[in-house]
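> Taking the working numbering, the leading residue of the sequence shown gets 1172, the next gets one more, and so forth. The beta carbon of each residue, even a glycine, is placed where N, CA and C say it ideally should be.
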Amino acid sequence: MRNTANSAALRMLPISPVALLTLMLLFVLVWFMQLNWRHLIPSDEGRYAEIAREMLITGDWITPRYNGYKYFEKPPLQTWFNAMTFAWFGLGDWQPRLYTALCGFAGILLVGYTGVRVFNPAAGLMAALVLAASPYWNIMGHLNVLDTGLAFWMALTLCSLLLAQREHLPDRTRCSWMWLCWASMALAVLSKGLVGLILPSVTLVSYNVVTRDWATWKRLNLISGGLVFSTIVLPWFVLVQRNNPEFFHYFFIVQQFERYLTPAQHRPGPFYYFVGVLFVGFLPWVSIAAQSVYRGWQIPRQQNGFTPVILLLIWSTVIFLFFSASHSKLVSYTLPVAPALALVIGLYLSGVTNSQWKRHLLSYAAFLVIAALIAHFALIRHGDAKTPNALYREFVVWVEVAIGVGFFLTLLAYWIARQLEKTTESIVIFSIGWFLLSTIVGNGHEVFGQQRSGALLAPAIRAEFSKLPADTPFYSVDMLDHTLPFYVQHTTIMVRHTDELWFGATIEPTKWIPTIEQWRARWYRAESALALLPPSLYEQLAVSGVPMKMIAHDRWRVIVAKP
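(1) Could you tell me which whole alpha helix (DSSP H) segments of length 4 or greater appear in the stretch 1521 to 1557?
(2) On the DSSP bridge list, what partners appear for residue 1647?
(3) Pair every Cβ in the stretch 1609 to 1628 with every Cβ in the stretch 1664 to 1678, then say whether three or more of these pairs are closer than 8 Å.
(4) Which one of 1259, 1469, 1653 and 1282 has the shortest CA to CA distance from residue 1210?
(5) Below 8 Å on the Cβ atoms is my guess for residue 1238 versus residue 1701; work out the distance and round it to an integer in Å.
(6) Going by C-alpha distance, which of 1246, 1374 and 1379 is nearest residue 1321?
(7) Counting pairs of beta carbons, one from the stretch 1444 to 1458 and one from the stretch 1287 to 1305, are three or more of them closer than 8 Å?
(8) State the DSSP-derived secondary structure class of residue 1728, mapped to helix, strand or coil.
(9) Using only the alpha-carbon positions, how far apart do residue 1349 and residue 1402 sit?
(10) Can you tell which of 1725, 1584 and 1367 has the C-alpha that lies nearest to the C-alpha of residue 1556?
(11) Could you give the C-beta distance for residue 1324 and residue 1359, rounded to a whole number, given that I count them as a contact under 8 Å?
(12) Does the Cβ-Cβ distance between residue 1282 and residue 1513 come in under 8 Å?
(13) Suppose you measure from the CA of residue 1425 to the CA of residue 1404; what does that come to, to the nearest Å?
(14) Below 8 Å, can you find three or more Cβ-Cβ pairs linking the stretch 1308 to 1315 to the stretch 1266 to 1278?
(15) At what residues does the alpha helix (DSSP H) containing residue 1371 begin and finish?
(16) Apart from the five residues just before and just after residue 1572, which ones in its own chain have a Cβ nearer than 7 Å to its Cβ?
(17) Are there 16 or more other CB atoms within 10 angstroms of the CB of residue 1216, so buried, or fewer, so exposed?
(18) Take residue 1254 and list the residues in its own chain whose beta-carbon comes closer than 7 Å to its own, dropping the five residues that flank it on each side.
(19) Is residue 1488 near residue 1532, with beta carbons less than 8 Å apart?
(20) For a quick check, are the C-beta atoms of residue 1563 and residue 1550 less than 8 Å apart?
(21) Measure the Cβ-Cβ separation of residue 1574 and residue 1546 and say whether it is below 8 Å.
(22) Mark residue 1383 as exposed unless 16 or more other C-beta atoms lie within 10 angstroms of its C-beta, in which case mark it buried.
(23) Which runs of the beta strand (DSSP E), 3 residues or longer, sit entirely within the stretch 1439 to 1468?
(24) Please report how far the alpha carbon of residue 1249 lies from the alpha carbon of residue 1256, in whole angstroms.
(25) Among residues of its own chain, excluding the 5 on either side of residue 1458, which ones have a beta-carbon nearer than 6 Å to its beta-carbon?
(26) Quick one: using the 10 Å Cβ neighbour count with 16 as the cut-off for buried, is residue 1193 buried or exposed?
(27) Give the range of the alpha helix (DSSP H) segment to which residue 1687 is assigned.
(28) Just list the residues that DSSP pairs residue 1719 with in beta bridges.
(29) So, do the stretch 1599 to 1616 and the stretch 1476 to 1483 have three or more beta carbon pairs nearer to each other than 8 Å?
(30) Output the boundary residues of the alpha helix (DSSP H) element that contains residue 1193.
(31) On a CA-only basis, which of 1266, 1648, 1343 and 1492 is nearest residue 1732? Give me that one, please.
(32) Mark residue 1236 as exposed unless 16 or more other C-beta atoms lie within 10 angstroms of its C-beta, in which case mark it buried.
(33) Tell me, to the nearest whole angstrom, how far the beta carbon of residue 1516 is from that of residue 1289; I am working on the premise that it is less than 8 Å.
(34) Going by C-alpha to C-alpha distance, which of 1490, 1471 and 1409 sits closest to residue 1368?
(35) Just to confirm before moving on: does the CB-CB distance between residue 1666 and residue 1632 stay below 8 Å?
(36) Assess, as a yes-or-no matter, whether the stretch 1440 to 1448 is touched by the stretch 1493 to 1512 under the definition of 3 or more beta carbon pairs within less than 8 Å.
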């Protein structure tokens, strides 16, 4: 019965199975082959790669450490996966991005499958195209950041709930989907903390209040689902608290509540911060966003009283408002809204008329011309001492090529819609254009990324370490570099400035040096040592006569050895 239903769904897709398979194979190649193009950039990519490297070499899979210090800011699900990836494939730039790339790719397939099953085959195809072509999902899916994994597990929570609430489902099938919903919510908590539980819960309650559909609670499998959730989520929290009595207060009070309620993390932003993020992140679909919401809101309830599109819209609204109200804001925080919005927009696209779609294409062709001119004249004038104008001029070439590809495929999509009157094929071509546009721009950032990564300095530092005893200390004086420890494969001893490692330094005070004077005393006594310094501090120490031999340097760092 299930195979028959799958075959029927494939036959109903508005694109031939051969074309769909070819499109997917090409997409897989482009999606995964770019993982090794760029170096890791600070701070998240280098930080989470280094935490996984240290987990692997220490063999401690319970207590995460960063630069040798206990690090309890986030749960370890992504760290576990990255550490296993290092064990299987070694260290490099693509390995720590593999997990997020898999999550991003799986999210696109998940959205497509959910659209097919909850709405119709055309809506599923369109939703997958919308998500793949959105710069927000594409770029975040190729960075070693925690929010992509969180967004995937939350998307699986949402989609499992949608699939479980379909009408006329056998009890056994509905129960299986709900168990998957509870399991994925547990994995979301292990990805980034309480938001994995709080946001779905607030969304469901808000949905019930808006729609007065309280019958949903009878289909949630609360007892058995709660057991599934607890079985997955509790073991690590119990073990890490047992091994580290200080964990509970720092993780839950400081990182989960104070981070949200106070500006202690120094990541401010106005309430409308994420308006711009979502505007740029869903740029290919902005012109039809309002129509998609309006059309979705009008869709009638299922016979069992459930309204999938209303849940999708409330999910997006709750997450947007939750992070907008936070005192700590980063661009990636609202990524979990992307799958829900993709389903809403995909549903609209499945019924868009050819004339509506052609107007959309003409507006974007004009937009891309204007964007190319603005980007050119804005970027070629940028530059400062640390990021010279030459880098911006190199980057603008990538931007112009990306916009050129997007513009050409937008014109091709318009020709297909106008001359051949094939709306679906036109949407596919337009989506490919925007996917390639954001892919090219994202990879073009390597112009800046290789400079900031520390990778260019690492060979000289490793060569110096190879001449010295294995226990030679490596000091990080008045700065924390988030990528160099990973590329050098050596932790550093913090001096004076602990940055985000202040908690670990407080718990294990013997692992850091509070003052420059204490470090200088150690430096003079050491037979061999290396140090990472800001250029300004290096100049001060050199003037004061501190013995140092420069090993490597760039605009942000100087690495010296004890002569």
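Per the coordinate set shown:
(1) The DSSP assignment places 1525 to 1550 as complete runs of the alpha helix (DSSP H) inside the stretch 1521 to 1557, in order along the chain (cut-off: 4 residues).
(2) As a first step, residue 1647 is located in the sequence shown; it is residue number 476 there, counting from the start. 1665 and 1703.
(3) no
(4) Residue mapping note: residue 1210 aligns to position 39 of the sequence shown, counting from 1. That would be 1653, whose Cα lies nearest to the Cα of residue 1210.
(5) Translated into positions along the sequence shown, residue 1238 becomes position 67. Translated into positions along the sequence shown, residue 1701 becomes position 530. In fact, because the Cβ distance is near 14 Å, the residues do not count as touching under 8 Å.
(6) Along the sequence shown, read from residue 1 onward, the residue named residue 1321 stands at position 150. Out of 1246, 1374 and 1379, the CA that lies nearest to the CA of residue 1321 is found in 1246.
(7) yes
(8) Within the sequence shown, the letter at position 557 stands for residue 1728. Coil, per DSSP.
(9) By one-based count along the sequence shown, residue 1349 stands at place 178. By one-based count along the sequence shown, residue 1402 stands at place 231. Using only the alpha carbons, I get a separation of about 15 Å.
(10) Taking the first residue of the sequence shown as position 1, residue 1556 is located at position 385. Distance from the Cα of residue 1556 is smallest, within the candidate group 1725, 1584 and 1367, for 1725.
(11) Taking the sequence shown and counting its residues from 1, one reaches residue 1324 at position 153. Taking the sequence shown and counting its residues from 1, one reaches residue 1359 at position 188. Right, the Cβ-Cβ distance comes to about 4 Å (below 8 Å), so this counts as a contact.
(12) The sequence position of residue 1282 within the sequence shown is 111, counting from 1. The sequence position of residue 1513 within the sequence shown is 342, counting from 1. Contact flag set, yes.
(13) In the sequence shown, counting from the first residue as 1, residue 1425 sits at position 254. In the sequence shown, counting from the first residue as 1, residue 1404 sits at position 233. So the two alpha carbons sit approximately 20 Å from each other.
(14) A contact exists between the stretch 1308 to 1315 and the stretch 1266 to 1278.
(15) Residue 1371 sits at position 200 when you count from the first residue of the sequence shown. Element bounds for residue 1371: 1366 to 1382.
(16) Within the sequence shown, residue 1572 is the residue found at index 401, counting from 1. So the qualifying residues of the chain are 1611.
(17) Counted from its first residue, the sequence shown places residue 1216 at position 45. Answer is buried; the Cβ neighbour count reaches 16.
(18) Your numbering for residue 1254 matches position 83 in the sequence shown. Once the five neighbours on either side are set aside, the close Cβ partners of residue 1254 are 1223, 1226 and 1227.
(19) Numbered from its first residue, the sequence shown carries residue 1488 at position 317. Numbered from its first residue, the sequence shown carries residue 1532 at position 361. Result no, Cβ atoms of residue 1488 and residue 1532 do not sit closer than 8 Å.
(20) Residue mapping note: residue 1563 aligns to position 392 of the sequence shown, counting from 1. Residue mapping note: residue 1550 aligns to position 379 of the sequence shown, counting from 1. Yes, these two residues count as a Cβ contact at 8 Å.
(21) Position 403 of the sequence shown, counted from the start, is the residue given in the question as residue 1574. Position 375 of the sequence shown, counted from the start, is the residue given in the question as residue 1546. Yes.
(22) Indexing the sequence shown from 1 puts residue 1383 at position 212. Residue 1383 should be labelled exposed.
(23) none
(24) Taking the first residue of the sequence shown as position 1, residue 1249 is located at position 78. Taking the first residue of the sequence shown as position 1, residue 1256 is located at position 85. About 10 Å.
(25) Working through the sequence shown from its first residue, we reach residue 1458 at position 287. So the qualifying residues of the chain are 1531 and 1534.
(26) Counted from its first residue, the sequence shown places residue 1193 at position 22. Residue 1193 should be labelled exposed.
(27) Reading the sequence shown from its first residue, position 516 is the one you call residue 1687. Unbroken alpha helix (DSSP H) run through residue 1687: 1687 to 1696.
(28) Looking up residue 1719 in the sequence shown gives position 548. Residue 1719 pairs with nothing; no bridge assigned.
(29) no
(30) Start at 1 with the first residue of the sequence shown, and residue 1193 comes out as number 22. Segment 1188 to 1204, the alpha helix (DSSP H) holding residue 1193.
(31) Locating residue 1732 in the sequence shown gives position 561, counting from the first residue. Checked all of 1266, 1648, 1343 and 1492; the closest Cα to residue 1732 is 1648.
(32) Translated into positions along the sequence shown, residue 1236 becomes position 65. When all chains shown are included, residue 1236 counts as buried.
(33) As a first step, residue 1516 must be located in the sequence shown, where it is residue number 345. As a first step, residue 1289 must be located in the sequence shown, where it is residue number 118. Rounded, the Cβ-Cβ distance is 14 Å, inconsistent with contact.
(34) In the sequence shown, the residue the question calls residue 1368 occupies position 197. Comparing Cα-Cα distances from residue 1368 to each of 1490, 1471 and 1409, the minimum goes to 1490.
(35) Here residue 1666 refers to the residue found at position 495 when the sequence shown is read from its first residue. Here residue 1632 refers to the residue found at position 461 when the sequence shown is read from its first residue. No, these two residues do not count as a Cβ contact at 8 Å.
(36) yes
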